[in-house]
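Chemist: Okay, here's the structure, questions in a sec.
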Amino acid sequence: MASIRAEKLVKRYGAVKAVHGIDFEIADGEFVAILGPSGCGKSSTMRMIAGLEPISEGAIYFDGKRINDVRARDRNVAMSFESYALYPTISIYENIAFPLRAAGMDNAEIDRRVRDIAGKMELTALLSQKPQGLSSGQAQRVGLARALVRKPAVFLLDEPISHLDTRQRYRMRRFIKSLHQEFNYTMIYVTHDQEEALALADRVMVMSDGEIQQMATPDEVYARPRNAFVAGFVGEPPINFVDCYVENGTGGWTVSFEGQRLALPERLSKAAERIGGEGLAAIRPHFLSLGDTSPLTLQGKVFVTEELQDQNLIFVDVGGTRFTLVAHPTVTPRRCETVTVSIDPEHLLLFPRSEARKFEDLAA
Amino acid sequence: MLQRDSSFAKEALRYGLIVLVLGFIVFPIFWMIVTSFKPAADIMVSPPRFLFTPTLENYYHAIYDKNFLFYIKNTLFISVASTILVVVAGSLAAYSFARYNVGDGHILFFILSTKMFPAIAVILPYFLIFRDIGKTDAGRFLGIGLDQPGALIISYTMFNLPFAIWLLVSFFQDIPRELEHSARLDGLSRLKVLRKVVFPLAAPGIAVTGVFTLIFCWNEFLFAYILTRKAASTVTVGVESFFTLQGILWGPVAAAATISVLPMMVFVLAMQRYMVRGLTFGAVRG
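Line by line, the protein sequences give chains A and B. Numbering of the first sequence is given in full-length UniProt numbering, commencing with residue 1 and proceeding in unit increments. Numbering of the second sequence is given in full-length UniProt numbering, commencing with residue 1 and proceeding in unit increments.
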């Protein structure tokens, strides 16, 4: 097991800069998810940690030791791949034993370790098979077993469950979490699925455009996103954004949008001071409700209702802006009905208007 | 009833076509083998004779009088040496084209374009070059010169490499990169990754390439005819020597042809399993 530190890490592919000089630290035994849309630099970052890509600039340290020039095979890093990457010509047993044989371990020890991990991964019955006939869930478990069998210092997972169907995905997610709890490896999990990242990781590193947007616990990323990009990328259904105007009135800072004005809670005064003028207000669908229950209400027309049974998603047009709100399944307004939407001011977020662009890029 | 009739007609047509195509392919071979066992008097008669007293006279003539096994030995040596060179150099080149996109596709295309060059156009320069090399000490030592096996081995390697590389590139491209990444993280060096992961997976492709190359070398006539006289002559040139001033010795020709086809037949049958896998390659998924 090892702690990881990256300093001004840069990755260039020819003229294209994929990672723009990022810094981060991962503690020994920590589970970190790197979350971002495709092309954000998350895979390049992981591959530099693995040693599969040379580091263009900056440095990576394992336990304080610089590993830029250490070869991939000498880093003691294990990796589980999106496509499983099982060797098709050899049996499951040999697949799992592969890293141990490469290390020149003796046969008795290899056998002991392979059977031990196969037992934990429920693969014992499959050991003599070739990878060809495996289901995708089984194949991924073999991939994980092969990675874990040699007790790596760092365990990297590159979108390991994105090929599985929903049910399998839930199972594997629990399985991976339990692996971390049992073995306590330093784990880095790359994904574009915010739900996986929030569910699994101790800390989430949100990346976009080759930069770290925020690195924090799932709670913090969700409740206190550092910018509009993080707010928009994390959370399902996506957060509501609305153009707003922030000004300092007689009674302190206020925000106005869609013809409504609200005195800002103390919590937001710093953000308001920084923005002072045109801004972007954001509120999660869970903190909106139908009815007149808060000091800040908007009038709108119901556009569509999705009845998901455990909850209803209601889309409301307010002026030019469409709001999504999550409601109890018994709340079923008719289409085009005029409704009052209440906003919980405690959960209102404010961002500079300039960040709106990033969010639009993402939506497109 | 109607259904059965039409499916019967379909089946009949299918088998009819198979018999027709097989007739075209198998009959000449059958006729060659039959002729090789015919006494001289029964060979060029009209109508052709299907019943005759078989004789080994033609084989005796080809093997003892014409020393045909000498040509087989030459051909075997030249073809196998050339095939090994093509497969080794071709695999390494194809791997680097497939993985590192060396030359951005231009070099690969250039290499393939040399295959479009008509062999007849280069045969004279080749003749002159090998004649001059053969006069040097190094040429004599390495056996590269006119009527020496080295000249043919080099020529065949040159002419087969482009096709081999082109064929192999697609096989290597089909091997997922993640397998190599995984093997590198699992503790193998780059060369060991090639040996333990990449080449075993490309084996069907390498086998197909080897078979094609070997068959080409075995059947090649033009270069062998121009670049050799006697010492390094191959089977195709050997058969040609049966066309004598006294006439064409059809019986011994058929016997010699039968002998020279046999090794290839055995080889291809032995490789058939790999060839089928190689030709239907493209699904290496874990």
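Just so it is clear, CB atoms sit at the ideal spot from N, CA and C, and this is done for glycine as well. All values reported here derive from a predicted model rather than from experimental measurement.
1) Quick one: what does DSSP say H20 of chain A is sitting in, helix, strand or coil?
2) Can you tell me which of A:Q213, A:A78, A:R169 and A:E57 puts its alpha carbon nearest to the alpha carbon of E195 of chain A?
3) Jot down the residue ranges of each uninterrupted alpha helix (DSSP H) in the region 231 to 299 of chain A, minimum 4 residues, whole runs only, in chain order.
4) Let me know if E178 of chain B comes out buried or exposed under the rule of 16 or more other beta-carbons within 10 Å of its beta-carbon.
5) Between A:G300, A:A223 and A:D23, which lies nearest to T338 of chain A when the distance is taken from Cα to Cα?
6) State yes or no: is the beta carbon of M1 of chain A nearer than 8 Å to at least one beta carbon in chain B?
7) Where K17 of chain A and K11 of chain A are concerned, what is the direct C-alpha to C-alpha distance, given to the nearest angstrom?
8) In terms of residue numbering, what span does the beta strand (DSSP E) encompassing P352 of chain A cover?
9) Touching or not, the region 8 to 28 of chain B and the region 325 to 338 of chain A, by the rule of three or more beta carbon pairs under 8 Å?
10) Under 8 Å between C-beta atoms, does D186 of chain B make it to chain A?
11) Checking the sheet assignment: what are the DSSP bridge partners for A270 of chain B?
12) Taking the alpha helix (DSSP H) that M158 of chain B belongs to, which residues open and close that run?
13) Give the DSSP bridge partners of A78 of chain A, in chain order.
14) Going along the region 75 to 101 of chain A in order, which residues come within less than 7 Å of chain B, judged by CB to CB distance?
15) Applying a beta-carbon distance threshold of less than 9 Å, which residues of chain A neighbour V208 of chain B?
16) Apart from the five residues just before and just after M79 of chain A, which ones in its own chain have a Cβ nearer than 6 Å to its Cβ?
17) Can you tell me the Cα-Cα spacing of T114 of chain B and N107 of chain A, whole angstroms?
18) Beta strand (DSSP E) containing S178 of chain A: first to last residue?
19) Can you list the residues of chain B that R73 of chain A reaches, using a CB-CB cut of under 8 Å?
20) Take the Cβ of D116 of chain A as the centre, count every other Cβ of all protein chains shown within 10 Å, and call the residue buried at 16 or more, exposed below.
21) Of the residues B:I215, B:R229 and B:T234, which one's Cα is nearest the Cα of F267 of chain B?
22) Suppose the cutoff is 8 Å on Cβ atoms and the five residues either side in sequence are ignored; what does the same chain contact list for L290 of chain A look like?
23) Report buried or exposed for E53 of chain A, applying the criterion of at least 16 other Cβ atoms within 10 angstroms of its Cβ.
24) Is A145 of chain A closer than 8 Å to L123 of chain A when the C-beta atoms are compared?
25) Cβ closer than 9 Å: which chain A residues qualify as neighbours of P176 of chain B?
26) So what's T114 of chain B in DSSP terms, helix, strand or just coil?
Modeler: Answer, in terms of the structure:
1) If you number the first sequence from 1, residue 20 of chain A lands on position 20. It is a strand residue.
2) Start at 1 with the first residue of the first sequence, and residue 195 of chain A comes out as number 195. Looking at the Cα atoms, A:R169 is the closest of the given residues.
3) 269 to 275
4) Position 178 of the second sequence, counting from 1, holds the residue named residue 178 of chain B. Classification for E178 of chain B: buried.
5) Here the question's residue 338 of chain A lines up with position 338 in the first sequence. With distances taken between Cα atoms, T338 of chain A lies closest to A:G300.
6) Residue mapping note: residue 1 of chain A aligns to position 1 of the first sequence, counting from 1. M1 of chain A does not count as touching chain B.
7) Locating residue 17 of chain A in the first sequence gives position 17, counting from the first residue. Locating residue 11 of chain A in the first sequence gives position 11, counting from the first residue. If you take the alpha carbons of K17 of chain A and K11 of chain A, they lie about 6 Å apart.
8) Translated into the one-based positions of the first sequence, residue 352 of chain A becomes position 352. Taken as a continuous stretch (DSSP letters only), the beta strand (DSSP E) holding P352 of chain A covers L349 to P352.
9) no
10) Taking the first residue of the second sequence as position 1, residue 186 of chain B is located at position 186. Yes, D186 of chain B counts as interfacial toward chain A.
11) As a working note, residue 270 of chain B is residue 270 in the second sequence. The partner list for A270 of chain B (beta bridge, DSSP) is empty, contrary to what the question assumes.
12) Position 158 of the second sequence, counting from 1, holds the residue named residue 158 of chain B. Note, M158 of chain B: alpha helix (DSSP H), P149 to Q173.
13) On the first sequence, residue 78 of chain A is found 78 positions in, with the first residue counted as 1. Bridge partners of A78 of chain A: A:F155.
14) V77, A78, M79, F81, S83, Y84, A85, L86, Y87, P88, T89, F98 and P99
15) Position 208 of the second sequence holds residue 208 of chain B. In chain order: nothing, as chain A lies at least about 17 Å away.
16) Numbered from its first residue, the first sequence carries residue 79 of chain A at position 79. Correct list, in chain order: A50 and L156.
17) Looking up residue 114 of chain B in the second sequence gives position 114. Looking up residue 107 of chain A in the first sequence gives position 107. C-alpha separation (whole angstroms): 51 Å.
18) Along the first sequence, read from residue 1 onward, the residue named residue 178 of chain A stands at position 178. Per DSSP, S178 of chain A belongs to no beta strand (DSSP E); it is in the alpha helix (DSSP H), T166 to F183.
19) Here residue 73 of chain A is taken as the residue at index 73 of the first sequence, counted from 1. By Cβ distance, chain B contributes R184, L185, D186, G187, L188 and S189.
20) What you label residue 116 of chain A is simply residue 116 of the first sequence in a count that begins at 1. With fewer than 16 Cβ atoms within 10 Å of its Cβ, D116 of chain A is classed as exposed.
21) Start at 1 with the first residue of the second sequence, and residue 267 of chain B comes out as number 267. It is B:I215.
22) Indexing the first sequence from 1 puts residue 290 of chain A at position 290. Excluding positions up to five away in sequence, the list reads I314, L325, A327, V331, P333, V339, T340, V341 and S342.
23) Here residue 53 of chain A refers to the residue found at position 53 when the first sequence is read from its first residue. By the 10 Å Cβ count, E53 of chain A comes out buried.
24) Locating residue 123 of chain A in the first sequence gives position 123, where the first residue counts as 1. Locating residue 145 of chain A in the first sequence gives position 145, where the first residue counts as 1. Going by C-beta atoms, L123 of chain A is nearer than 8 Å to A145 of chain A.
25) Taking the second sequence and counting its residues from 1, one reaches residue 176 of chain B at position 176. Those within 9 Å of P176 of chain B in chain A are F81, S83 and A85.
26) Locating residue 114 of chain B in the second sequence gives position 114, where the first residue counts as 1. Note: T114 of chain B maps to helix in three-state DSSP.
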